[in-house]
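One structure below.
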Amino acid sequence: MNDLIIQNIAELILPKKTDLPLKGQELAELNIVKNGTVVINEGKIVYAGPHTDDYEAHEVIDATGKTVSPSLVDAHTHLVHGGSREHEMSLKRQGVSYLEILEQGGGILSTVKATREASEDELFKKAEHELLRMIHHGVLSVESKSGYGLDLENELKQLRVSKALEEKYGIQMKHTYLGPHAVPKDTDSETFLEQCIQDLDAVKDIADFADIFCETGVFTIEQSRKYMIAAKELGLPVKIHADEIDPLGGLELAIEQQAISADHLVAASEAGKKALADSDTVCVLLPGTTFYLNKNEYADARGMLDNNGAIAIATDYNPGSCVTNNLQLVMSIAALKLKLTPKEIWNAVTVNAAKAIDVDAGTLEIGDAANLVVWHAPNHEYIPYHYGVNHAEKVIHNGKVIVNHDLALN
Ligand code: IZC
Ligand code: ZN
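Written out as structure tokens, the structure is:
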């Protein structure tokens, strides 16, 4: 006798399990089973495929008219931080840009102040609330960056909070050290970068990845290269915030350094995109950020795929440039602004996002952890289409229904 059967699934989304990220045209391939069945026992997938009555279980969920997919992976978030920056919205209305706000000591630096002032417990409670919101939206694998401490003590504080959340909820999390996220006002970028490189040794056991913000007025390509090499020497795989605002050649650097991911890439060069053909670096695209920064030009996702690149989609949830942790909304923005098809988008928020943060997630094959979502949606295209709301009806973690949304009123 099994624990749970989900029966009569209108559309069962089954991304392909692969060792390497899906690239180029592979992203358009997605197995969607009409009238599907999923069988779960002891937290694992026993069966996922076309309708069958061959299994019995203690509990049956009738998913008539619903879609089922693996739980989503949010591969880029700044989950743990103090404070908020709603006042920046009026600055933006007055035409002050993101980098100008940072230059004036606001932006990231104002979140640094709030994060330093917050106790570990306060940071935990705030991040916990937002992590639970993500889970309610169907996400069970999350990457979480530091980067608002800008000194070892406070970076470690953020990383410990992130780790404690993983322990409390048992969901998959990856913790990224982003010490070089901004240059503190009392130092210069060279001195600060050296400090971050020294600090790698102290964070390498708690962090899974090392990341850097390579951008005009923040860290240069040369500095980023030096940092990435130092991190890899200590055994830390690297990520990079690359070509978010200005085209500095961050994508080329990520490929050269075999980064696990290169994130943002709105201003990535043609040469960088061409080089994707021979690279397994995942381009983590964050169109919610482009939307929130009010930019007209989005990352050239189609060009990346045409050059046989691997792409993933994530929220970039942070208090400045993308204040949403609703990955479903970002899927809608990806459909409209990155001109991705629904199938490409589903691969980009499941299997490829999993590759970008090195977690085993995004598939529902026999033996996989039973991490899945029952969507209140008749098909996979519906979720990016009906935008800005939460379609996750049930979120199932290791075979247990941990979220059950019912719109009935009290
Ligand atoms: O707090 O503004 N881009 N880092 C790089 C961010 C956005 C987060 C922030
Ligand atoms: Zn970021």
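Letter by letter, the sequence shown follows residues 1458 to 1867 of this note's numbering.
The beta-carbon is built from N, C-alpha and C at its ideal position, and this holds for glycine as well.
Near ligand 2: residue i beta-carbon under 8 Å from a heavy atom
i	result
Lys1731	no
Leu1797	no
Leu1693	no
His1721	yes
Leu1743	yes
His1698	yes
Lys1602	yes
Asn1782	no
His1632	no
Asp1531	no
Of the residues the options, the one placed nearest residue i, counting alpha carbons only
i	options	result
Gln1714	Asp1643, Tyr1684, Arg1590 and Thr1633	Tyr1684
Trp1832	His1594, Leu1566, Ile1565 and His1535	His1594
Glu1822	Glu1468, Lys1474, Ile1466 and Ala1467	Lys1474
Tyr1844	Leu1743, His1586, Leu1793 and Leu1797	Leu1793
Gly1675	Glu1587, Phe1649 and Lys1661	First, the residue type needs correcting, since residue 1675 is Val and not Gly in the sequence shown. Here the closest residue by C-alpha is Phe1649.
Thr1534	Gln1615, Leu1469, Asn1492 and Pro1835	Gln1615
Val1530	Asp1817, Asp1511, Ala1687 and His1837	Asp1817
Glu1543	Tyr1839, Tyr1634 and Tyr1749	Tyr1749
Ile1663	Phe1670, Ile1790 and Glu1612	Glu1612
Leu1566	Leu1588, Gly1604 and Met1591	Gly1604
Arg1868	Lys1857, Val1780 and Leu1866	Nothing in the structure corresponds to residue 1868, since the chain is present only between 1458 and 1867.
Ala1485	Pro1799, Val1787, Asn1836 and Ala1813	Pro1799
Ala1813	Val1787, Asn1804, Ala1769 and Ser1789	Ala1769
Ile1518	Gly1552, Val1618, Lys1851 and Cys1653	Lys1851
Val1787	Val1596, Ile1466, Thr1568 and Glu1516	Val1596
Gln1785	Glu1838, Leu1622 and Arg1550	Glu1838
Leu1622	His1586, Ala1719, Ala1865 and Ser1547	His1586
Asn1751	Val1490, Val1860, Met1546 and Lys1689	Met1546
Any non-hydrogen atom of ligand 1 within 8 Å of residue i CB
i	result
Phe1666	no
His1538	yes
Glu1679	no
Thr1644	no
Tyr1605	yes
Gly1562	no
Met1555	First, the amino acid is wrong: residue 1555 is Tyr here, not Met. Because some heavy atom of ligand 1 lies under 8 Å away, the Cβ of Tyr1555 counts as near it: yes.
Glu1713	no
Glu1701	yes
Residue i vs residue j beta-carbon contact at 9 Å
i	j	result
Leu1607	Ala1659	no
Ser1646	Gln1680	yes
Pro1776	Ile1802	no
Cys1740	Ala1756	yes
Asn1782	Thr1772	yes
Asp1656	Lys1631	no
Ala1672	Glu1701	Contrary to the premise, residue 1672 reads as Glu rather than Ala in this sequence. For Glu1672 and Glu1701, yes; Cβs fall inside 9 Å.
Ser1528	His1854	yes
Gly1729	Gly1706	yes
Val1806	Thr1820	no
Thr1524	Ala1834	yes
Pro1868	Asn1488	Nothing in the structure corresponds to residue 1868, since the chain is present only between 1458 and 1867.
Asp1815	Pro1694	yes
Gly1506	Thr1521	no
Ile1457	Ala1732	Since the displayed the chain opens at 1458 and closes at 1867, residue 1457 lies outside it and no answer follows.
Ile1669	Ile1697	yes
Ile1497	Gly1745	no
Val1569	Gln1561	no
Ser1619	Ser1601	yes
Val1860	Ile1592	yes
Leu1743	Asp1763	no
Leu1588	Tyr1626	yes
Ile1678	Leu1722	no
Beta-ladder partner(s) of residue i, from DSSP
i	result
Met1630	Val1599
Gln1652	DSSP output for Gln1652 lists no bridge partner at all.
Asn1828	None; Asn1828 has no bridge partner.
Ile1702	Partner(s): none; Ile1702 has no beta bridge.
His1854	Lys1857
Phe1666	Thr1633
Ile1770	Leu1742
Ser1526	Val1830
Glu1516	Leu1461
Ser1718	Lys1696 and Val1739
Lys1583	BP columns for Lys1583 are empty, so no partner.
Arg1496	Before going further, note that residue 1496 is Val rather than Arg in the sequence given. Answer is Ile1462 and Tyr1504.
Leu1469	Val1490 and Val1525
Asn1775	Cys1779
Closer than 8 Å: residue i CB and nearest ligand 4 heavy atom
i	result
Asp1656	Absence of ligand 4 from the depicted structure is noted, with ligand 1 and ligand 2 being the only ligands included.
Short CB-CB distance (under 9 Å) between residue i and chain C
i	result
Glu1486	Going by chain labels, chain C is absent from the structure shown, which holds only one protein chain.
| field | Three or more C-beta pairs below 8 Å linking the segment 1548 to 1562 and the segment 1502 to 1511 | value | Segments in contact, no.
| query | Quick one: any contact between the segment 1824 to 1844 and the segment 1460 to 1468, if contact means 3 or more CB pairs under 8 Å? | reply | Yes: the two stretches touch, three or more of their Cβ pairs being nearer than 8 Å.
| the segment 1539 to 1547 contacting the segment 1565 to 1579, beta-carbon criterion three pairs below 8 Å | The segment 1539 to 1547 vs the segment 1565 to 1579: in contact.
| said: For the structure I just gave you, are there three or more beta carbon pairs, one from the segment 1506 to 1522 and one from the segment 1784 to 1799, closer than 8 Å? | reply: Result no; under three Cβ-Cβ pairs closer than 8 Å.
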